[in-house]
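This report concerns only the one structure given below.
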Amino acid sequence: MALPIEILEIVLSKSSVKSLLRFKTVCMSWNILISDPVFVRKHHLRQLQSKDSENLFLVKNSEVNSQGFSLVKLEKGRKIQTLQQVFGPYLWATVLCFCEGLILICDLSKDNFALWNPSTRTHTIFKATFYCGDAAFGICHDPITDDFKVVIAKSYDYSVYSCNNNSWTMLEKKYETKYNDYSVEYELGVCVEGTSYWASADELQIVYYDPRDDKFKILHMPENMDYRRSEFGKSIYLVDLSGFLCLYYEGRDKTVVIWRKGKGIENHTWSELMTIENMEEPLRWFEPKYLLGNKIPRRSRSVVSVSPIPPLSLCAGD
C-alpha cells in the first residue's frame, strides 16, 4: 500500500541530501517529488534551521587559488573534524560568493563561471562575454520566480545571468540609482536572505541588488556610527552572521563595533550587536566568521579561510 503523498513529503523532507539522492531512484513518483522546486525549497529551509548545519563549513586552504575544498564539522569541544574532500568543476578555482547552498566560482581566466552545489556535486557552467577583471560579484534568489541570479557589477554598468533562462537577461546595463561614485572593484557580495550587498570602498554606503525588480538600491546605514575612517581600504565591512547581515568597523580605542540588520529586504533597521576590544591588527585583516555563543571566531592571515555555508542542502536549478 502506497503512502499518501502528504505523508511521504513529510518523511522525505526530514531526510538528508545523501539519502534523497538515493531515494530518487526508488520510483518515478519519488523522483518527481524530490525534484520538485517547491519541495527543494522547503527542504533547504528546513536544513537551514537544523542545528547540525550551523556546524558545517566548506574550507579553502588559502585566499588565493587552490585545488579542492574540505567539508569540515565544528565539534562541541571546539575541534574541527574533516569529513571529506570536495572538488568542483574547476581544478583551480576562485570562490566569488555563495547563496543558499550555491557557490559561484570561476577559473583562472575569470571568463568561465560555474554555479556549484557541493552537496549534490552538480553545477551549471556559463561564460561571460565581457571583461570581468575589475567587477564585483553576487548571487541573488528571486522569491517571485524562484530563480537564482548571478550579478556582475562594474563601475558604470552591470550584467545579470538567470539560471531559469540559462542566459544573460541583462548585459552591461547602466545603473538607475544614484551611485555616488561607488567603487565596486574586486568586491565580493555578501548574500543574506537571497539578496547580495556590497560596502563601498570610497563612500560610506551600502548598495544591494533587489532580485524582485532587478534594480540596485541603497541600504540605510545605522545612525550614530562612531567610526574611524580607514587610510587603507574600506571603512566598513559586511558579513553574514547566523543569517543576519552585519556590518563592522573600527571604533575608538582599538575596538571593532558590529551592527546587525533586521530581517527582511525592506527592513532597514539596525541594532548594535557587540564591541570587540583590544584589537591590535588592522581592520582589513579582521573578518568575523560565525557566532559561537557570545564569541566570534575570526580569520587572520595565519589561519585557513573558513566560509560558513549550508553545504548539505538541495537547491533548485541544479
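FYI, in the UniProt record's numbering the residues of the sequence shown are 1 to 318. The C-beta atom is built at its ideal place from N, Cα and C for all residues, glycine as well.
Who pairs with residue i in a beta bridge, going by DSSP?
{"i": "E272", "result": "W259"}
{"i": "D198", "result": "For clarity, residue 198 is Trp in the given sequence; the question names Asp instead. Bridge partners of W198: V207."}
{"i": "K127", "result": "N112"}
{"i": "M170", "result": "V160"}
{"i": "residue 321", "result": "Any answer about residue 321 is impossible in this case: the structure gives the chain only from 1 up to 318."}
{"i": "V95", "result": "I105"}
{"i": "K215", "result": "D210"}
{"i": "F57", "result": "V72"}
CB residue i to CB residue j, shorter than 8 Å?
{"i": "K234", "j": "A199", "result": "yes"}
{"i": "F137", "j": "L204", "result": "no"}
{"i": "V151", "j": "Y209", "result": "yes"}
{"i": "S119", "j": "G101", "result": "yes"}
{"i": "K261", "j": "P211", "result": "no"}
{"i": "G194", "j": "C106", "result": "no"}
{"i": "K73", "j": "L83", "result": "yes"}
{"i": "V239", "j": "V190", "result": "yes"}
{"i": "T129", "j": "L115", "result": "no"}
{"i": "I139", "j": "L171", "result": "no"}
{"i": "L12", "j": "L21", "result": "no"}
If you reduce the DSSP assignment to three classes, tell me which class residue i lands in.
{"i": "I32", "result": "helix"}
{"i": "I5", "result": "helix"}
{"i": "L20", "result": "helix"}
{"i": "H220", "result": "coil"}
{"i": "S119", "result": "coil"}
{"i": "V192", "result": "strand"}
{"i": "I265", "result": "coil"}
{"i": "F39", "result": "helix"}
{"i": "V86", "result": "strand"}
{"i": "V239", "result": "strand"}
With a cut-off of 8 Å on the beta carbons, I'd call residue i and residue j a contact; round off their distance for me.
{"i": "Q85", "j": "S70", "result": "6 Å"}
{"i": "K254", "j": "M279", "result": "5 Å"}
{"i": "L273", "j": "I258", "result": "5 Å"}
{"i": "G251", "j": "T269", "result": "Their Cβ separation, rounded to whole angstroms, is 20 Å, which puts G251 and T269 out of contact at 8 Å."}
Does the ligand MN have even one heavy atom less than 7 Å from the beta-carbon of residue i?
{"i": "R46", "result": "In the structure on display, the ligand MN does not appear, and there are no ligands present to speak of."}
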